[in-house]
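Trainee: These protein sequences, in sequence, are chains A and B. Heads up: the first sequence begins at 2 in this note's numbering, then just goes up one per residue. Heads up: the second sequence begins at 108 in this note's numbering, then just goes up one per residue. Structure in structure tokens, see below.
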Amino acid sequence: MYRSQRLGLKYLVASTAMFGAMIVFGLLSSFYYVHPTLLLNVFNFNSAKIVHIDGLVIWLLMGFIGSIYWFLPQELEREVEGIGLAELLFWVFCAAVAVVVLVFIFVQYGSANERSMWLINQGRKYVEAPRWAAVGITAVAVVFAYNVIATTLKGRKPTGIVIVLIADLVPLVVLYLDAFPEMANMSQDLFWWWWLVHLWVEATWEVLIGCIMAWTLMHLVDASRRVVESWLYVEVALVLGTGILGLGHHYFWIGTPRYWLAIGGFFSALEPLPLLGMVVHAVYDAGERRLRAANRPAFYWAMAEAFGNFLGAGVWGFMMTLPQVNLYAHGTQWTASHGHFAFWGAYGCGLISVLYLVLAKTRGCEDLDGSTWKWSFALLNAGMLGMAGALLVAGIDQAFFERAIGGSTWDAFLAMQGRPWFREGMWARVAFGLLFACGYVVLVYDLAAISKTREPRVERATAAAGS
Amino acid sequence: MYTQDPIFWRAGAIAASAFMCVVLAALTIDTLQQITPGGAHVPPYDVINRSIGYQYDSARGEYVPKIGGEELIFGHRYTAAEASDLIARGKLVIQSRACIDCHTFFGNGAYYAPDLTRAWMDPFWARYDGPKRADRLTKFLMHPIRLGARPMPDLHIQRDEAEATVAYLKWISGVDANGFPDRFGAPAPAAGGK
Numbered sequence: 002m003y004r005s006q007r008l009g010l011k012y013l014v015a016s017t018a019m020f021g022a023m024i025v026f027g028l029l030s031s032f033y034y035v036h037p038t039l040l041l042n043v044f045n046f047n048s049a050k051i052v053h054i055d056g057l058v059i060w061l062l063m064g065f066i067g068s069i070y071w072f073l074p075q076e077l078e079r080e081v082e083g084i085g086l087a088e089l090l091f092w093v094f095c096a097a098v099a100v101v102v103l104v105f106i107f108v109q110y111g112s113a114n115e116r117s118m119w120l121i122n123q124g125r126k127y128v129e130a131p132r133w134a135a136v137g138i139t140a141v142a143v144v145f146a147y148n149v150i151a152t153t154l155k156g157r158k159p160t161g162i163v164i165v166l167i168a169d170l171v172p173l174v175v176l177y178l179d180a181f182p183e184m185a186n187m188s189q190d191l192f193w194w195w196w197l198v199h200l201w202v203e204a205t206w207e208v209l210i211g212c213i214m215a216w217t218l219m220h221l222v223d224a225s226r227r228v229v230e231s232w233l234y235v236e237v238a239l240v241l242g243t244g245i246l247g248l249g250h251h252y253f254w255i256g257t258p259r260y261w262l263a264i265g266g267f268f269s270a271l272e273p274l275p276l277l278g279m280v281v282h283a284v285y286d287a288g289e290r291r292l293r294a295a296n297r298p299a300f301y302w303a304m305a306e307a308f309g310n311f312l313g314a315g316v317w318g319f320m321m322t323l324p325q326v327n328l329y330a331h332g333t334q335w336t337a338s339h340g341h342f343a344f345w346g347a348y349g350c351g352l353i354s355v356l357y358l359v360l361a362k363t364r365g366c367e368d369l370d371g372s373t374w375k376w377s378f379a380l381l382n383a384g385m386l387g388m389a390g391a392l393l394v395a396g397i398d399q400a401f402f403e404r405a406i407g408g409s410t411w412d413a414f415l416a417m418q419g420r421p422w423f424r425e426g427m428w429a430r431v432a433f434g435l436l437f438a439c440g441y442v443v444l445v446y447d448l449a450a451i452s453k454t455r456e457p458r459v460e461r462a463t464a465a466a467g468s
Numbered sequence: 108m109y110t111q112d113p114i115f116w117r118a119g120a121i122a123a124s125a126f127m128c129v130v131l132a133a134l135t136i137d138t139l140q141q142i143t144p145g146g147a148h149v150p151p152y153d154v155i156n157r158s159i160g161y162q163y164d165s166a167r168g169e170y171v172p173k174i175g176g177e178e179l180i181f182g183h184r185y186t187a188a189e190a191s192d193l194i195a196r197g198k199l200v201i202q203s204r205a206c207i208d209c210h211t212f213f214g215n216g217a218y219y220a221p222d223l224t225r226a227w228m229d230p231f232w233a234r235y236d237g238p239k240r241a242d243r244l245t246k247f248l249m250h251p252i253r254l255g256a257r258p259m260p261d262l263h264i265q266r267d268e269a270e271a272t273v274a275y276l277k278w279i280s281g282v283d284a285n286g287f288p289d290r291f292g293a294p295a296p297a298a299g300g301k
């Protein structure tokens, strides 16, 4: 095993731990909705939510980085350049995440001064991490990009997947620099903030997971490189061709000119196209293989990724993206429903597929199956579908009664919190969140059990060579 | 067949991405001009010295902010430079207390507490105790009370921080957001709710 692959495994373990932390704080956040005085002035809702959503970003980022450190040396048939620095930065990254979480829990917020921005909380959604930590994340991203680019330059002819990956990493790192500024004008602040959030989540991350899934499919079902690379290029053309101007659906109501209503509405309506293409291909592949693969959990999670991405990001996104609907749906629990389902379908399922694939390859057990993974698959997906459904019911109720009829005032908002459909939706979200958490526990149990019961392939090969 | 060659699709991916990036760059330049304070959609910071309302514009078919005559806050007429400093401080308060992780601005943020885009002109303040609207908001920020299903936490906001936040809320209520939120503050139709 390459050193880079060992580092990849460490990142995947850390990523799975962050997945757990994200669930814990997500559950806590959901309880505030049904019990609003919970931990009031001790640990307020915003602190719980910050750890929940920042935990989501770190879970996924660590998962992407770990997957790429694992696949890259195999793809280029050489050790990753600068691996020593990358190993050092892994521990720096973990330590920084731990310190930031502790600050968010025990310090929470500061006074209105630059010190708070540098040391405590920047207070911009998803990029709340204080500036010192944002500098650290930038350093990790720069070293990671250097690892990929330098290894490619030193290796044999770069593959199409690696070229796409490099072309994607550059904007990924540059866009993150938007985590630092502090602009008085909220319209400008949100304008640039969406460059970071949208162009990460709905463009560069989509391409990144596209590269990871391309490798996964090649390892999992021996997909032809020629076909996989052609599809990856088609996906890039469609994702970036629709997603770059699809950014416009975030520019409907932030003080930006009216032409964004037409541009954002049109291009974001096209955004489901690449996701539909993935589903068509997944159905074709699954049918051709009659749903059989040696590594069944990885195969099923890869299928869940295609369907989840299409439904959560594509269908749920389309439902609320036209400005005539978005005027009322925007900023309600409807948005939260789309957010939960989209992140899960687009990224979460894909990373779990990678976990099973990497575990099987590392432990030398290609024929992974059993019943435990089926429980976690069912619990996690049922939990997520239930949460998305519950939030959708509450969100549509909000869009009609608080927004369209109530006129969006504070009174309309507060009256909404007492409406039966809204309250039932919030309780159902807690229940399905607990189901999701059970699925996570079973997933970790299954991964740990597979790790313990099977000998690592490398050590077994070394032992055989020694005897 | 040429469509089976990945190079064909690579050319398509590069062309589509490059073209869209160029269009986005051009739109960004135009948009930034319009959302600069004093631009077509965003009022100058010293709008805090004037009255701001929200009315239906029949020509546009949507609600838009209406800037009126002089209406000072805290009995002070702010110069452009003073207003700019005050608004910058207000934004720093909003970031330092992570307001956007409970509330939303222009619908962006968290959905646990009400949207703050038009909070300055919310009918709620007419019922709240205090001599003038700005004083009522300041008092609420410094000593929050429970509002129905949502208790606002005490975030130890000092008077100068609260006043800067109130100025910020007044300024942002003057931003033309293409009709968002619709019908803000308009009386609800008679047959609403279940």
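Quick reminder that beta carbons are idealized off the backbone N, C-alpha and C, glycines included.
Which residues of chain B have a Cβ atom closer than 7 Å to the Cβ of A:G408, listed in chain order?
Mentor: Within 7 Å Cβ-Cβ: R290, F291, G292, A293 and A295.
Trainee: Ignore the nearest five residues each way along the sequence and tell me which others in A:D447's own chain have a CB closer than 7 Å to its CB.
Mentor: T373, W374 and S377
Trainee: Which two residues bound the contiguous alpha helix (DSSP H) that contains B:A152?
Mentor: One detail in the question is off: residue 152 of chain B reads as Tyr in this sequence, not Ala. Here B:Y152 belongs to no alpha helix (DSSP H), and DSSP marks it neither H nor E.
Trainee: Taking B:Y161 and B:F291 to be in contact with their CB atoms under 8 Å, please state how far apart those CB atoms are, rounded to whole angstroms.
Mentor: 6 Å
Trainee: With burial defined as no fewer than 16 other Cβ atoms inside 10 Å of the residue's Cβ, what is the status of A:E78: buried or exposed?
Mentor: exposed
Trainee: In whole angstroms, what separates the C-alpha of A:S452 from that of A:L356?
Mentor: 11 Å
Trainee: Over what stretch of residues does the alpha helix (DSSP H) that includes B:V176 continue unbroken?
Mentor: A small fix is needed here, since residue 176 of chain B is Gly in this sequence, not Val. Counting along the chain, B:G176 falls outside any alpha helix (DSSP H), though it belongs to the beta strand (DSSP E) covering E169 to E177.
Trainee: So, is the C-beta of A:F414 closer than 8 Å to a C-beta in chain B?
Mentor: At least one chain B Cβ lies under 8 Å of A:F414.
Trainee: Report the rounded CA-to-CA distance for B:F212 versus B:Y218, giving the unit in angstroms.
Mentor: 10 Å
Trainee: Pull the bridge partners of A:H220 from the DSSP assignment, please.
Mentor: Beta-bridge analysis with DSSP links A:H220 to no other residue.
Trainee: Looking only at its chain, what residues have a beta carbon closer than 7 Å to the beta carbon of A:D368, apart from the 5 residues adjacent to it on each side?
Mentor: A295
Trainee: Among A:L435, A:Y177 and A:W261, whose alpha-carbon lies nearest the alpha-carbon of A:S31?
Mentor: A:L435
Trainee: So what does DSSP say about B:P251, is it helix, strand or coil?
Mentor: coil
Trainee: For B:D283, decide whether its Cβ has a neighbour in chain A, counting only Cβ atoms nearer than 8 Å.
Mentor: yes
Trainee: Using a Cβ cut-off of 7 Å, pull out every chain A residue sitting near B:F181, in sequence order please.
Mentor: Here the premise fails: no neighbours, minimum Cβ distance about 17 Å.
Trainee: Considering just the uninterrupted stretch of the alpha helix (DSSP H) at B:T272, what are its terminal residues?
Mentor: R266 to I279
Trainee: Let me check understanding here. Comparing Cα to Cα, which of A:L176, A:L323, A:W428 and A:F300 lies closest to A:G387?
Mentor: A:W428
Trainee: Name, please, each residue of chain A whose Cβ falls closer than 8 Å to the Cβ of B:H148.
Mentor: Taking a Cβ-Cβ threshold of 8 Å, the residues of chain A close to B:H148 are S188, G256, T257 and P258, in chain order.
Trainee: What is the rounded straight-line gap between the Cα of A:A449 and the Cα of A:I213?
Mentor: 23 Å
Trainee: Verify whether the separation of the beta carbon atoms of A:G156 and A:W71 is less than 8 Å.
Mentor: no
Trainee: When the cut-off is 8 Å and only beta carbons count, does A:P37 lie next to chain B?
Mentor: yes
Trainee: Spatial neighbours of A:L1 within its chain, please: CB distance less than 6 Å, with the 5 preceding and 5 following residues excluded, ordered by chain position.
Mentor: Within the shown structure, residues of chain A are numbered from 2 to 468, placing residue 1 of chain A beyond reach of any answer.
Trainee: Along chain A, which residues have their Cβ under 7 Å away from the Cβ of B:Q162?
Mentor: Correct list: empty, because the minimum Cβ distance to chain A is about 13 Å.
Trainee: Run through DSSP, which three-state label would B:F212 get?
Mentor: strand
Trainee: If I'm right that A:L380 touches A:G426 with Cβ under 8 Å, what's the distance once you round it to whole angstroms?
Mentor: Wrong, their Cβ atoms sit about 20 Å apart, outside the cutoff.
Trainee: Would you mind working out which of A:E236, A:L444 and A:R7 sits nearest A:I469, comparing C-alpha positions?
Mentor: Nothing can be reported for residue 469 of chain A: it is not among the residues displayed for chain A, which extend from 2 to 468.
Trainee: With 16 as the cutoff for other CB atoms within 10 Å, does A:W261 come out buried or exposed?
Mentor: buried
Trainee: To the nearest angstrom, report how far apart B:Y286 and B:R117 are at their CA atoms.
Mentor: Correcting the residue identity first, residue 286 of chain B is Gly in this sequence and not Tyr. Taking the straight line joining both Cα atoms gives about 41 Å.
Trainee: Ends of the alpha helix (DSSP H) at A:M187?
Mentor: Unbroken alpha helix (DSSP H) run through A:M187: M187 to L200.
Trainee: Note down, in chain order, every chain A residue with its Cβ under 8 Å from the Cβ of B:E268.
Mentor: S112 and A113
Trainee: Tell me, which residues are paired with A:Y260 by DSSP?
Mentor: None; A:Y260 has no bridge partner.
Trainee: For A:H341 and A:I54, what's the separation of their Cα atoms in angstroms?
Mentor: 10 Å
Trainee: In whole angstroms, give me the CA-to-CA distance for A:T257 and A:A134.
Mentor: Straight-line spacing of the CA atoms in A:T257 and A:A134 works out to 31 Å.
Trainee: For B:H263, does the three-state DSSP call read helix, strand or coil?
Mentor: coil
Trainee: So is B:L276 in contact with chain A if we call contact Cβ pairs under 8 Å?
Mentor: no
Trainee: Please report whether the beta-carbon of A:I245 lies at a distance below 8 Å from any beta-carbon of chain B.
Mentor: yes
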